[in-house]
Amino acid sequence: MREGRQTSNAFVLLIAALAAAGCAGTLKPGDPVRGLTRAQRDSFAQGQALFVRVFTPETGLGPLFNAVGCGECHEEPVAGGFGDEVEQHAAAFRADQVCDPLVEQGGFVIQAHATPALKAALGIDSEPVPADATATARRTTPVVFGRGFLDLVPDAEILSRADPDDRNHDGISGRPNRFVDGRLGRFGRKALVPTLREFNEGAYIAEQGITTPGVPTEETIGGKPIPDGVDPVPEPEINRGAVDLTNAFVRFLAVPSPLKLSGEAGRGRDQFERIGCTACHIPTLRTGDSPIAALNHKEVAAFSDLLLHDMGPELADICLGLAQPSEFRTEPLIGVRLRKDFLHDGRATTLPQAIQLHGGEGAASRDRFQRLTPAEQVAVIAYLKTL
Amino acid sequence: MHLKTAALLLPLLATSAHSPQAQARSGLQEPATYTYQGTVHAVRTDSSSIDLITGVGFALRMVHMNIVPDTKFEAPNGKLALNDLKPGDVLRAECHRTDKGLVADRIRKIVPEGSPGAGAP
Numbered sequence: 063m064r065e066g067r068q069t070s071n072a073f074v075l076l077i078a079a080l081a082a083a084g085c086a087g088t089l090k091p092g093d094p095v096r097g098l099t100r101a102q103r104d105s106f107a108q109g110q111a112l113f114v115r116v117f118t119p120e121t122g123l124g125p126l127f128n129a130v131g132c133g134e135c136h137e138e139p140v141a142g143g144f145g146d147e148v149e150q151h152a153a154a155f156r157a158d159q160v161c162d163p164l165v166e167q168g169g170f171v172i173q174a175h176a177t178p179a180l181k182a183a184l185g186i187d188s189e190p191v192p193a194d195a196t197a198t199a200r201r202t203t204p205v206v207f208g209r210g211f212l213d214l215v216p217d218a219e220i221l222s223r224a225d226p227d228d229r230n231h232d233g234i235s236g237r238p239n240r241f242v243d244g245r246l247g248r249f250g251r252k253a254l255v256p257t258l259r260e261f262n263e264g265a266y267i268a269e270q271g272i273t274t275p276g277v278p279t280e281e282t283i284g285g286k287p288i289p290d291g292v293d294p295v296p297e298p299e300i301n302r303g304a305v306d307l308t309n310a311f312v313r314f315l316a317v318p319s320p321l322k323l324s325g326e327a328g329r330g331r332d333q334f335e336r337i338g339c340t341a342c343h344i345p346t347l348r349t350g351d352s353p354i355a356a357l358n359h360k361e362v363a364a365f366s367d368l369l370l371h372d373m374g375p376e377l378a379d380i381c382l383g384l385a386q387p388s389e390f391r392t393e394p395l396i397g398v399r400l401r402k403d404f405l406h407d408g409r410a411t412t413l414p415q416a417i418q419l420h421g422g423e424g425a426a427s428r429d430r431f432q433r434l435t436p437a438e439q440v441a442v443i444a445y446l447k448t449l
Numbered sequence: 011m012h013l014k015t016a017a018l019l020l021p022l023l024a025t026s027a028h029s030p031q032a033q034a035r036s037g038l039q040e041p042a043t044y045t046y047q048g049t050v051h052a053v054r055t056d057s058s059s060i061d062l063i064t065g066v067g068f069a070l071r072m073v074h075m076n077i078v079p080d081t082k083f084e085a086p087n088g089k090l091a092l093n094d095l096k097p098g099d100v101l102r103a104e105c106h107r108t109d110k111g112l113v114a115d116r117i118r119k120i121v122p123e124g125s126p127g128a129g130a131p
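Which chain is which? The protein sequence lines are A and B, in order.
The first sequence begins at 63 in the working numbering and counts up one residue at a time.
The second sequence begins at 11 in the working numbering and counts up one residue at a time.
Written out as structure tokens, the structure is:
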């Protein structure tokens, strides 16, 4: 009896130790990656509180904004997930094939809301769409699970898959996008932004109107200065520590564990590869060097090559950086089972619809999907619903 | 609080070692230099100036800088002038501030690795 109790106690201690080390069970949406240190887990928790913080004009919100906090959009099923908000981007694709993000007219992110003070001063509820825009775009909220891993995929690994001239004649090209300073981009639906840190810091100002030490100037109002008296909080409106903790939360968000494969889903996985989806939706990428052991040289089930692909004229909207209107980064399928809408603008409400809407470089795989038997198509969808 | 002039925009994170703050910490008495790396938006040969798009993530900003006879131009092939520049080119610009705005001291054209023209002599 006594021996049995000792065994039971030891088992409980083992489970507790494994849980503390983040090694037990599956990773649910919103869980931190496994193997973080205590200090990193503390940063994750503190960053989560900042991620869901609700800002007001008195704490820096606006005067133009899309959301009152990161968590307003990235909310389903947990902080870091997707949301039902759709925002608007605008740009001009010039005759010389250069993309103008219309910075002088308030682009390319067009904020949907104005604070009461700005509304009182200018009588506007949102930022006006730039007059010179040749296109506008709708953008849904992506999940940000696993983005810390994507941040660490070496540039060389991404560039190794680029085939802009389709020299292997497989119908898939893949082009890198570049940020305005020439660095390789990887974040955002057009792969504009090089690093997770910059993506998050830029989002504070572009989405919430919160200035940071890295971006200490407010957005303009369609290119015009903010009227006096509508933004009473001195810049920067949050400090470096808050930005760093927010980064820590996003960086340490794990890729949710895939659901157990049924026999049908297993067959769907095989079909997913056979019809060519994995030419762009690369199942796994590998991180490079990182001082964070939990992210250092790890495989991540990204289902993306982080490159731009021509998706055909039906999906085309704005240009951005080197990305032409019809080019989009291969969407990582991390957590795709959690979504209620699909594609960059949410126009598809089911996974089969999303596949049907693939054009351009995705057309051949789409056609192969359409030629599958109904049972085989169902299997592919069953597989995707495990991711 | 209010929109700042372009000169007050943060120099790119990637070039923060060249920021005015970094130089101020060093205790040097030279005028502060501002380093920006971005994409050319407009080249105005009539007024000798450049508009450069810089930024952090989705928060893009425009930096206006004046070109003077002393401005040095560099390119991978060694030769570059203001009227060689065009929208879409990527530049690294070292500037100082005057009462008439930013003045470029040195402008270097960047050819990103893997892009057409990379590796040119």
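Idealized CB from N, CA, C, for every residue including glycine.
Do the CB positions of residue 288 of chain A and residue 125 of chain A come within less than 8 Å of each other?
yes
Under a Cβ-count criterion, where at least 16 other Cβ atoms within 10 Å of its own Cβ denotes burial, should residue 371 of chain A be classed as buried or exposed?
buried
DSSP state of residue 77 of chain B, grouped into three classes?
strand
Under 8 Å (Cβ pairs) to chain C, residues found in the region 423-447 of chain A
The structure shown has no chain C; the protein chains it does contain are A and B.
Counting only beta-carbon atoms, is residue 401 of chain A nearer than 8 Å to chain B?
no
Just the C-alpha distance for residue 294 of chain A and residue 120 of chain A, rounded to the nearest angstrom, thanks.
7 Å
Keeping to the same chain, check which residues put their C-beta closer than 6 Å to that of residue 122 of chain A; ignore five residues upstream and five downstream.
272, 295, 299
Where does residue 132 of chain A fall in DSSP's three states?
helix
Cut-off 7 Å between Cβ atoms - residues of its own chain near residue 403 of chain A, not counting five sequence neighbours on either side:
202, 410, 411
Reference residue 270 of chain A; option with closest CA among B:69, B:102, B:99, B:92:
B:69
Report all residues from its chain with a CB closer than 8 Å to the CB of residue 84 of chain B; omit the five preceding and five following residues, and keep chain order.
90, 116, 117, 118, 119
With 16 other CB atoms within 10 Å as the buried threshold, where does residue 91 of chain A fall?
buried
Taking residue 236 of chain A as the reference, give the member of A:174, A:330, A:366 with the closest Cα.
A:366
Buried or exposed: which applies to residue 388 of chain A, given that a residue is buried once 16 or more other Cβ atoms fall within 10 Å of its Cβ?
buried
Chain A contacts from the region 70-90 of chain B (Cβ-Cβ distance under 7 Å)
70, 71, 72
Where does residue 96 of chain A sit, in a helix, a strand or coil, going by DSSP?
coil
Work out the CA separation of residue 333 of chain A and residue 339 of chain A for me, nearest whole Å.
9 Å
Can you give me the Cβ contacts of residue 414 of chain A inside the same chain, cut-off strictly under 8 Å, excluding the 5 residues immediately before and after it?
439, 443
How would you label residue 424 of chain A, buried or exposed, when you count the other beta carbons within 10 angstroms and need 16 or more for buried?
buried
As a quick exercise: from A:89, A:108, A:142, pick the residue whose alpha carbon is nearest that of residue 312 of chain A.
A:142
Within 8 Å, strictly: CB atoms of residue 255 of chain A and residue 275 of chain A:
no
So what's residue 118 of chain B in DSSP terms, helix, strand or just coil?
strand
Stretch-stretch touch, CB-based, cutoff 8 Å, three pairs: the region 215-226 of chain A with the region 186-206 of chain A
no
Can you tell me the Cβ-Cβ gap for residue 244 of chain A and residue 86 of chain B, rounded? I've got them flagged as a contact below 8 Å.
Incorrect: roughly 12 Å between the Cβ atoms, too far for contact.
From the DSSP output, in three-state form, read off residue 193 of chain A for me.
coil
Counting contacts by CB-CB distance shorter than 8 Å, is residue 100 of chain B in contact with chain A?
yes
Whether or not the region 373-381 of chain A and the region 39-56 of chain B are in contact is what I'm after, with contact meaning three or more pairs of Cβ atoms, one per stretch, closer than 8 Å; do they touch?
no
Looking at the strands, I want to know which residues DSSP matches up with residue 59 of chain B.
B:54, B:76
Show which residues of chain B have a CB atom less than 8 Å away from the CB atom of residue 170 of chain A.
68, 70
Own chain residues within Cβ distance below 6 Å of residue 132 of chain A, not counting five before or after:
113
Bridge partner(s) assigned by DSSP for residue 199 of chain A:
A:151
Verify the CB distance criterion: does residue 43 of chain B have a CB-CB separation below 8 Å to chain A?
no
Helix, strand or coil for residue 35 of chain B? Go by DSSP, reduced to three states.
Residue placement at residue 35 of chain B is flagged as unreliable, the pLDDT there being 45, under the threshold of 50; the coordinate-derived value follows with that caveat. Three-state DSSP puts residue 35 of chain B in a helix.
Residues that residue 161 of chain A bridges to, as DSSP identifies them:
A:155
In its own chain, which residues sit with a C-beta less than 8 Å from the C-beta of residue 188 of chain A, not counting the 5 before and 5 after it?
126, 172, 173, 174, 175, 176
Within the 8 Å Cβ cut-off, does residue 317 of chain A reach chain B?
no
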